[in-house]
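Take a look at the structure set out below.
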Amino acid sequence: MSNRDGFRSRADWNAVAADRLRREAEAIASIARAEPYKGRCGLCGRETAFDIPSGEASWREGLSCRRCRCNARQRAAGGLLLDALTQPAQARVYATEQASAFYLALRRRVARLHGSEFATALGHRSRLSFWLMRHGVVEWVRNEDATALRWPDAAMDGIASLDVLEHVPDCRAALREFARVLRPGGTLALTVPFYENQTESATIARIDAQGRIEHLAEPEFHGDPVRGGVPCFHHFGWALLDDMRAAGFADARACRVQDASAGLPEGVWVLLARR
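Numbering (this note's numbering), first residue to last: 4 to 278.
Encoded structure:
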């Protein structure tokens, strides 16, 4: 996958953005005429075909692998994380999701994979656990709060958190927790809706003194296949890399993952940080 080294600032990206976006547009135009669209999935590691999105559907949330059923965003992040792990089969990895196609696919590559959901109600966790059992995984879904993880210090070699951080009111606390539970040299692979033309991050909602959501801009909710719409609290720009470094990461960069042969004709932003 291209650009594994990533960009450490908006200026670095701006220097190459026009050329990168032009080449991506050419790749998309070529792929859109190909049916079926075949390649090698970087997450499940198999030769496969990818479902081309129709109409105005997002390429980031589309292009599902017909083998592991993971979309472009999930495959891009999973592929980078697997590449960063020295021995994926022996690594201990935590994912901030458990009842998902991504968790199932990563579990086949990482023997010591642990997942969780932000599911405090017993009934909700039971439904998610039954979902896992229907897919051949006998596990009780673990409940975790990203701002107060119950894992011990330096317990993990890698962490994957995909489109979760924008829904966490205190996102900096979550980043500190990710850094705390990673061993030195461990890797965080993170996806968020990333605003590459925005230097600063914007808080669009917060929790008030009474524990209620206070919207500071037009209310925004993102789809969740289990719970319905989930409120968004942040629009992240390049300042998120500074937040990651301040949380305890030795290095942080934004990777524009693009590889048409891996089912990723359009670049997908994945933020990669090393503890």
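Glycine included, C-beta positions come from ideal geometry on N, C-alpha and C. Please read these numbers as outputs of a predicted model, since none were measured by experiment.
- Judged by DSSP secondary structure, glycine 188 falls within the beta strand (DSSP E) whose first and last residues are 185–194.
- Phenylalanine 224 is bridged by DSSP to Pro234.
- The criterion of a C-beta distance shorter than 9 Å is satisfied by valine 195 and leucine 243.
- Contact between leucine 219 and arginine 209 is confirmed by a C-beta separation of about 7 Å, below the 8 Å threshold.
- Judged by DSSP in its simplified three-state form, tryptophan 16 adopts helix.
- Taking the CA atoms as reference points, alanine 158 sits about 34 Å from alanine 212.
- The residue from Val271, Ala276, Arg278 with its alpha-carbon nearest to that of glutamate 64 is Val271.
- Within a 10 Å sphere around the beta-carbon of arginine 78 sit 16 or more other beta-carbons, which makes this residue buried.
- With contacts defined by Cβ atoms closer than 9 Å, glutamine 101 and leucine 46 do not form a contacting pair.
- Sequence-distant partners of arginine 128 (beyond 5 residues in either direction) whose C-beta falls short of 8 Å from its own C-beta, in its chain, are Glu120, Ala122, Trp143, Val144, Asn146.
- Look at glycine 81 here: in three-state DSSP terms it is helix.
- Shown here, serine 61 sits in coil according to DSSP, grouped into three states, outside any helix or strand.
- Tyrosine 106 sits in a helix when the DSSP states are folded into three classes.
- Listed in chain order, the non-local C-beta contacts of lysine 41 below 8 Å within the same chain comprise Glu50, Thr51, Ala52, Phe53, local neighbours out to five positions each way being set aside.
- With respect to the 9 Å criterion, histidine 170 and valine 233 are classified as neighbours on the basis of their beta carbons.
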